[in-house]
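Novice: Can you read through this structure? Questions will come right after.
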Amino acid sequence: MIFFKHIRISLKFIMGLAVFASMWASIASAANAPIPRVKPEAPNTSQLLSMADARNFRRGMRAADIRQWDNVERYVRRIKDPTAIRILNWRLAADDPAVSFKVLTDVIHNQSGWPRMTRIKSKGEIHLFDRPIPANDAIAWFMGTEPVSGEGRAAMAQAHYKLGQTDIADKWLRSAWRESRLSRDRQKRLFSRYKDRLSPGDHAARADHLIWLGKRYYGSAGGLLSLMTTSDKNLMDARMRVGANRSGMDRAIRRIPATSQDDTGLLFERARWRRTRKSEAYALPVYLQITTPPNSETGKKRLWREKKRMTYWALKEKNYENAYTLTLHHGFTSGPEFADAEFLSGWIALTKLNQPAVAAMHFATLKNGVGLPVSLGRASYWQGRAAEALGDSMSVSYYADAARYPNVYYSQLAAERLNQGYAYTNLPSEEAGWTVTPQFENQELVRALRMIGEIQSERTYNQFSFHMDDILQDPRELSQLAKLGKGFGFMKPSVRAAKQAGRLHTMLTESGYPKPDIVTNLPAHFDIPFVLAIARQESEFNAKASSHAKAYGMMQMINSTARVTARRAKIPYQRSWLTSDPEYAARLGAQHLHDLLREFDGSYIMAAAAYNAGGHRVRQWNKTYGDPRLGQIDPIDWLESLPFSETRNYIQRVMENLEVYRARLNNNQAELRLLHDITNGAFR
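Position one of the sequence shown corresponds to residue 322 (my numbering), numbered consecutively onward.
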């Protein structure tokens, strides 16, 4: 029997928690233990560094963590190992606001393949623009590469003007002026130096760019109004007045000639004002007038976010024709916005407008513009659905194409459809026939990772590992990267590396879908595969995870939910335990999932939606779109109707994880039953 001082717990509950006796005992003793002294410094042992270098490297990294940059420089001077020196110099370059131009230049020129290089280059380019540097030296500094910032483009213009190369300089100047943010002070300096080389059209283009960036940049845009033509001035002024909800909006709009009343930027601000100040219904006619995408990439993305929001509103209102129209004219040819828009167009055409031929065209466009398994599986599955609706025998081919990715939601649905609802998940072994790639260990970044891992600097390790999984193109190397992270106890970068291999169409089963004992050893009444599926999506098994939404631990529980769950389960609770005790966090998260499954009659998709967005929203969505448990709506369509992108993606990733984990817990083989799981759930 376990007694908790200062905590009242029933005898019945204590007896029921015999399995967790050791865990609760450790919690109780920790609660009553004396406050520990400052943790002593870990021994300066390293497989890679001398004792002196290991000590100074550890201290230098600690100084960087607390932003003591002078001390970092002091430790750099004491270290002999070149990789350790480069790591600390990299930290200076990335994070020290007063880092020297020399350190920045050394890192940029000698460590070009290291993480966060765009940020570091931007800092170097600011130095080039702000300080008097000989023109030839400034041009040589770029080593034939393109600038990454407005200051860099301005520095290139500055250097070429000094050399009398005005045509080249003009090109860089216009690029800096029309396409870059620049601080207000640097904008003034650039203008004062080269105003004679800039036209009213250049100023209008800059103002347009800044206005699309948002209200934060209205001050800089406003300073340009007097430099452009009257018509452009009136247009930009009206856009900013509407965007900032300033007085004189109507008068400013009336000053714009009829030929410019359909300007995309103006229509955007008017539509957004109507939506935020009045209602979606009042805004809809203006959104429908927007058929020309902005020139600005930022503008295209902002406009699509607004139109996408309106599309889901129109779906909620069963205004399907306008919902479809809102998805058109997006202006993207690739990227997530392109995939969203083309999928929505096709899905609405097929499921809401009964126009499978139109849908088929959108799904074909989608498939031709994406390359990741998640997107390819989705496109091919819905091509199959459209072909089926048309009576086209090609549907079988489309489903077969979709089913190539065993760990992807729509691929799993396609596999079931091919087999009349009966299929098996056979997961590949991660290392079957593979040999270790020696080039992986020969990379300096891998040596750096090992040094960082030895001192358990998890945040910096993640930065390096995430960067490497972005640049590695060999799944065997990604497998080695995943195992390296796991060897240091860092689960998040390990799972992330395996996910990246998946993007290269290779499934790393063991690394990508770990089975930590703290979950698999939970009591049998918990749905263990579902708990694993949620943990993988929530934190990638990072026991110390914390989010901006103040969710904590491997199961990413917020304090209020965790407290209520603990009270219902009659177990003690402290917020700190969510990150300090992974076993406790897994137990509490599993209990919350169990509660949600019961609340929603065993529906996995609703439990997952509630875990992500809250049960109150799920109940509201069931009223709005229909309840799939009652057969009021197809569960696939219910999921795609949800207005939050994050929640739609979350549920799909959790459900695909669930199918994989059923196999992982059964020697990598299990019946594939995704359609059953999203339709009926756990208790039916």
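The beta carbon of each residue, even a glycine, is placed where N, CA and C say it ideally should be.
(1) Considering only the beta carbon of each residue, do leucine 739 and valine 717 sit closer than 8 Å?
(2) Give the single residue among Phe664, Lys639, Glu642 and Met561 whose Cα lies nearest to the Cα of histidine 651.
(3) Examine the ligand GTP and report whether any of its heavy atoms sits within less than 7 Å of the Cβ of glutamine 760.
(4) With a Cβ-Cβ cutoff of 8 Å, do leucine 899 and glycine 935 count as a contact?
(5) How close, in whole Å, do the beta carbons of glycine 564 and glutamate 590 come, if the pair is a contact with beta carbons under 8 Å?
(6) From this set, Asn457, Gly705, Leu995 and Gly544, which residue's C-alpha is nearest glutamine 486's C-alpha?
(7) Within a Cβ cutoff of 7 Å, which residues of the same chain sit near threonine 632, ignoring the five residues on either side of it in sequence?
(8) Between the alpha carbons of proline 727 and alanine 735, how many angstroms are there, rounded?
(9) Three-state secondary structure (DSSP) at serine 696?
(10) Helix, strand or coil for glutamate 861? Go by DSSP, reduced to three states.
(11) Using DSSP bridges, identify the partner residues of serine 867.
(12) Please name the residue or residues paired with leucine 548 in a DSSP beta bridge.
(13) I want to know whether the stretch 578 to 597 touches the stretch 548 to 558 - three or more CB-CB distances under 8 Å.
(14) Which residues bound the alpha helix (DSSP H) around tyrosine 932?
(15) Going by CA-CA distance only, name the one from Phe847, Asp427 and Glu775 that's closest to leucine 370.
(16) Assuming alanine 480 and alanine 459 are in contact, meaning their beta carbons sit under 8 Å apart, how far apart are those beta carbons, in whole angstroms?
(17) Does alanine 685 come out as helix, strand or coil in the three-state DSSP assignment?
(18) Counting only runs that start and end within the stretch 809 to 838, where is the alpha helix (DSSP H) found for 4 or more residues in a row?
(19) Count the other CB atoms within 10 Å of the CB of glycine 823; is the residue buried (16 or more) or exposed (fewer)?
(20) According to DSSP, is glutamate 446 part of a helix, a strand, or is it coil?
(21) Which residues in the same chain as histidine 683 place their Cβ atom closer than 7 Å to its Cβ, once the five residues preceding and following it in sequence are excluded?
(22) Going by DSSP, what residues sit across from isoleucine 879 in a beta bridge?
(23) Taking the alpha carbon of glutamine 858 as the point to measure from, which residue in Val981, Lys509, Trp493 and Ala475 has its own alpha carbon closest?
(24) Per the DSSP calculation, tyrosine 745 is bridged to which residue(s)?
(25) Excluding sequence positions up to five away, which residues of its chain have a Cβ less than 8 Å from the Cβ of tyrosine 603?
(26) Thinking just about the alpha-carbon of each residue, which of Asn640, Asn689, Phe809 and Glu642 is nearest to the one in phenylalanine 653?
(27) Shortest alpha-carbon distance to alanine 854 belongs to which of Ser867, Pro835, His869 and Lys865?
(28) Quick one: using the 10 Å Cβ neighbour count with 16 as the cut-off for buried, is aspartate 1028 buried or exposed?
(29) Between which residues of its own chain and valine 679 is the CB-CB distance below 6 Å, once the five residues before and five after are set aside?
(30) Which residue wins for smallest C-alpha separation from arginine 1011, given the options Arg567, Ile611, Ile574 and Lys622?
(31) Quick check: what's the CA-CA separation for glutamine 953 versus leucine 963?
(32) Kindly give me the distance between the Cβ atoms of arginine 562 and histidine 530, rounded to whole angstroms, as I take these residues to be in contact under 8 Å.
(33) Is it true that the CB of alanine 911 sits closer than 8 Å to the CB of phenylalanine 847?
(34) Which residues in the same chain as glutamate 920 place their Cβ atom closer than 7 Å to its Cβ, once the five residues preceding and following it in sequence are excluded?
(35) Would alanine 476 and phenylalanine 450 qualify as a contact pair, given that the criterion is a beta-carbon distance under 8 Å?
(36) Roughly how many angstroms separate the alpha carbons of asparagine 410 and glutamate 737, rounded to a whole number?
Specialist: Looking at the atomic coordinates:
(1) By one-based count along the sequence shown, residue 739 stands at place 418. By one-based count along the sequence shown, residue 717 stands at place 396. For the pair leucine 739 and valine 717, the CB atoms are nearer than the 8 Å cut-off.
(2) As a working mapping, residue 651 is identified with position 330 in the sequence shown. Ranking Phe664, Lys639, Glu642 and Met561 by Cα distance to histidine 651 puts Phe664 first.
(3) In the structure shown, the ligand GTP is absent, as is every other ligand, since no ligand is present at all.
(4) Along the sequence shown, read from residue 1 onward, the residue named residue 899 stands at position 578. Along the sequence shown, read from residue 1 onward, the residue named residue 935 stands at position 614. No. Outside cutoff.
(5) Position 243 of the sequence shown, counting from 1, holds the residue named residue 564. Position 269 of the sequence shown, counting from 1, holds the residue named residue 590. Yes, glycine 564 and glutamate 590 are in contact; Cβ-Cβ is about 5 Å, under 8 Å.
(6) For the purposes of this step, residue 486 is taken as the residue at position 165 of the sequence shown. Residue Asn457 is the option with its Cα nearest to glutamine 486.
(7) Within the sequence shown, the letter at position 311 stands for residue 632. These residues qualify, in order along the chain: Ala644, Leu647, Thr648 and Leu665.
(8) Counting from 1 along the sequence shown, the entry for residue 727 is found at position 406. Counting from 1 along the sequence shown, the entry for residue 735 is found at position 414. About 10 Å.
(9) One-based indexing of the sequence shown puts residue 696 at position 375. Look at serine 696 here: in three-state DSSP terms it is helix.
(10) The residue you call residue 861 lines up with position 540 of the sequence shown. Three-state DSSP puts glutamate 861 in coil, outside helix and strand.
(11) Along the sequence shown, one-based indexing puts residue 867 at 546. Residue pairing by DSSP places serine 867 opposite Tyr873 in a beta bridge.
(12) Counting from one through the sequence shown, the residue named residue 548 turns up at place 227. DSSP output for leucine 548 lists no bridge partner at all.
(13) Touching, yes, given that three or more Cβ pairs across the two stretches are closer than 8 Å.
(14) In the sequence shown, residue 932 corresponds to position 611, counting from 1. Here the alpha helix (DSSP H) through tyrosine 932 covers 925 to 934.
(15) The residue you call residue 370 lines up with position 49 of the sequence shown. Answer by Cα proximity: Glu775.
(16) Numbered from 1 along the sequence shown, position 159 holds the residue referred to as residue 480. Numbered from 1 along the sequence shown, position 138 holds the residue referred to as residue 459. With 8 Å as the limit, alanine 480 and alanine 459 qualify as a contact, their Cβ atoms being about 4 Å apart.
(17) As a working mapping, residue 685 is identified with position 364 in the sequence shown. If DSSP states are grouped into helix, strand and coil, alanine 685 belongs with the helices.
(18) Runs of the alpha helix (DSSP H) inside the stretch 809 to 838: 812 to 824 and 830 to 833.
(19) Position 502 of the sequence shown, counted from the start, is the residue given in the question as residue 823. Burial call: buried.
(20) Locating residue 446 in the sequence shown gives position 125, where the first residue counts as 1. Here glutamate 446 sits in helix by DSSP.
(21) Within the sequence shown, residue 683 is the residue found at index 362, counting from 1. Hits under 7 Å: Glu663, Ser666, Gly667 and Ala670.
(22) Stepping through the sequence shown from its first residue, residue 879 is reached at position 558. Partner(s): Ala872.
(23) Along the sequence shown, read from residue 1 onward, the residue named residue 858 stands at position 537. Considering only alpha carbons, the answer is Val981.
(24) Sequence index remark: in the sequence shown, residue 745 carries index 424 (1-based). The partner list for tyrosine 745 (beta bridge, DSSP) reads Glu992.
(25) Here the question's residue 603 lines up with position 282 in the sequence shown. For tyrosine 603, where only same-chain residues beyond five positions count, the Cβ hits under 8 Å are Arg595 and Arg596.
(26) By 1-based counting over the sequence shown, the position of residue 653 is 332. Cα-wise, what sits closest to phenylalanine 653 is Asn689.
(27) As a position in the sequence shown, residue 854 is number 533, starting the count at 1. If we check each option's Cα against that of alanine 854, Pro835 comes out closest.
(28) For residue 1028 there is no data in the structure shown, the boundaries of the chain being 322 and 1005.
(29) Locating residue 679 in the sequence shown gives position 358, counting from the first residue. Taken in chain order, the residues that qualify are Ala670.
(30) Since the displayed the chain opens at 322 and closes at 1005, residue 1011 lies outside it and no answer follows.
(31) Looking up residue 953 in the sequence shown gives position 632. Looking up residue 963 in the sequence shown gives position 642. The straight-line gap from Cα to Cα measures roughly 15 Å.
(32) Working through the sequence shown from its first residue, we reach residue 562 at position 241. Working through the sequence shown from its first residue, we reach residue 530 at position 209. Actually they do not touch by this definition, with Cβ atoms about 18 Å apart.
(33) Start at 1 with the first residue of the sequence shown, and residue 847 comes out as number 526. Start at 1 with the first residue of the sequence shown, and residue 911 comes out as number 590. Taking 8 Å as the Cβ cut-off, phenylalanine 847 and alanine 911 qualify as a contacting pair.
(34) Taking the sequence shown and counting its residues from 1, one reaches residue 920 at position 599. Once the five neighbours on either side are set aside, the close Cβ partners of glutamate 920 are Gly936.
(35) Sequence index remark: in the sequence shown, residue 476 carries index 155 (1-based). Sequence index remark: in the sequence shown, residue 450 carries index 129 (1-based). Going by C-beta atoms, alanine 476 is nearer than 8 Å to phenylalanine 450.
(36) Residue numbering aside, residue 410 sits at position 89 when the sequence shown is read from its first letter. Residue numbering aside, residue 737 sits at position 416 when the sequence shown is read from its first letter. Each residue's Cα considered, the two are about 53 Å apart.
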